[in-house]
Amino acid sequence: QKEVEQNSGPLSVPEGAIASLNCTYSDRGSQSFFWYRQYSGKSPELIMFIYSNGDKEDGRFTAQLNKASQYVSLLIRDSQPSDSATYLCAVEDTDKLIFGTGTRLQVFP
Amino acid sequence: DAGVIQSPRHEVTEMGQEVTLRCKPISGHDYLFWYRQTMMRGLELLIYFNNNVPIDDSGMPEDRFSAKMPNASFSTLKIQPSEPRDSAVYFCASSLGGNTEAFFGQGTRLTVV
Numbered sequence: 055q056k057e058v059e060q061n062s063g064p065l066s067v068p069e070g071a072i073a074s075l076n077c078t079y080s081d082r083g084s085q086s087f088f089w090y091r092q093y094s095g096k097s098p099e100l101i102m103f104i105y106s107n108g109d110k111e112d113g114r115f116t117a118q119l120n121k122a123s124q125y126v127s128l129l130i131r132d133s134q135p136s137d138s139a140t141y142l143c144a145v146e147d148t149d150k151l152i153f154g155t156g157t158r159l160q161v162f163p
Numbered sequence: 005d006a007g008v009i010q011s012p013r014h015e016v017t018e019m020g021q022e023v024t025l026r027c028k029p030i031s032g033h034d035y036l037f038w039y040r041q042t043m044m045r046g047l048e049l050l051i052y053f054n055n056n057v058p059i060d061d062s063g064m065p066e067d068r069f070s071a072k073m074p075n076a077s078f079s080t081l082k083i084q085p086s087e088p089r090d091s092a093v094y095f096c097a098s099s100l101g102g103n104t105e106a107f108f109g110q111g112t113r114l115t116v117v
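Residue numbers (this note's numbering), protein chains in the order written: chain A, 55 to 163; chain F, 5 to 117.
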């Protein structure tokens, strides 16, 4: 059973700080990695995807991928209270996405 | 496009009743996924289709669950008979390719009493 592991949190950070969310996966053959954000009572929505080792930046968000360590992370700079949500890591497995259980992020003013 | 459309948004039913959840994927998307989300188990893939053909149903919990996709614009997930442990939020998602972004519907919150 291929697995995607995330710390459930909550991860609490003050407004303006950097939030660091981490994810490990078991299938060394996985090629595509996704970060979704899910607000309470809403559906998941894509924030970023990453395919290559290294960093990928989009605004306040940076995804980091290390395939050798089977590790993908999401950094949120200048965290805002509106970033408070559950962040789901998803890993591609032969035409489907396997999701972690998510990390709940709380950004307090 | 209006996105992935699911119905109903909420369903409350009694144990033993049949429940049918419906999904309309985004036009042109070849893949359709049914997920179930609970606090304990997170987002679990139940089944997915490629070009209306079921590819992997290994996540379907038991024979009480069945899914169909009669055409490219419609899919159903049926539970018969329903049990209280089936209470969860069921999401339908669609994507252009299997390893590309999946777009989620608003979900159906199912409560079986």
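Beta carbons: idealized from backbone N, C-alpha and C, even for Gly. Note that this is a predicted model, so its numbers are computed, not measured.
Look at the alpha carbon of residue i and the alpha carbon of residue j, and state the distance between them as a whole number of angstroms.
i: P164 of chain A; j: S127 of chain A; result: Here chain A has residues from 55 to 163 only, and residue 164 of chain A is not among them.
i: D102 of chain F; j: R89 of chain F; result: Before going further, note that residue 102 of chain F is Gly rather than Asp in the sequence given. Using only the alpha carbons, I get a separation of about 29 Å.
i: R13 of chain F; j: S133 of chain A; result: 32 Å
i: R26 of chain F; j: T140 of chain A; result: 26 Å
i: Q92 of chain A; j: L119 of chain A; result: 21 Å
i: F69 of chain F; j: F95 of chain F; result: 15 Å
i: S80 of chain A; j: L65 of chain A; result: 23 Å
i: F103 of chain A; j: S136 of chain A; result: 21 Å
i: T148 of chain A; j: V57 of chain F; result: 15 Å
i: E18 of chain F; j: R113 of chain F; result: 14 Å
i: E57 of chain A; j: C77 of chain A; result: 10 Å
Does the distance from the C-beta atom of residue i to that of residue j stay below 8 Å?
i: Y52 of chain F; j: K110 of chain A; result: no
i: L129 of chain A; j: E105 of chain F; result: no
i: R114 of chain A; j: R131 of chain A; result: yes
i: S98 of chain F; j: V8 of chain F; result: yes
i: Q110 of chain F; j: E22 of chain F; result: no
I'd like to know whether the C-beta of residue i is nearer than 8 Å to at least one C-beta of chain F.
i: I152 of chain A; result: yes
i: E69 of chain A; result: no
i: F88 of chain A; result: yes
i: L159 of chain A; result: no
i: Q124 of chain A; result: no
i: T155 of chain A; result: yes
i: E57 of chain A; result: no
Compute the beta-carbon to beta-carbon distance between residue i and residue j, rounded to the nearest angstrom, for a pair I have assumed lies under 8 Å.
i: S79 of chain F; j: L50 of chain F; result: Between L50 of chain F and S79 of chain F the Cβ distance is about 11 Å, and since that is not below 8 Å, they are no contact.
i: T24 of chain F; j: A92 of chain F; result: T24 of chain F to A92 of chain F, Cβ: 15 Å. No contact.
So what does residue i bridge to, in DSSP terms?
i: M102 of chain A; result: A:W89
i: G108 of chain A; result: A:L119
i: R114 of chain A; result: None, per the DSSP bridge assignment.
i: R26 of chain F; result: F:S11, F:T80
Spell out whether any CB of chain A is found under 8 Å from the CB atom of residue i.
i: N55 of chain F; result: no
Quick one: which residues of the segment 93 to 115 of chain A get their C-beta closer than 8 Å to a C-beta of chain B? List them in chain order. The structure shown contains no chain B; its protein chains are A and F.
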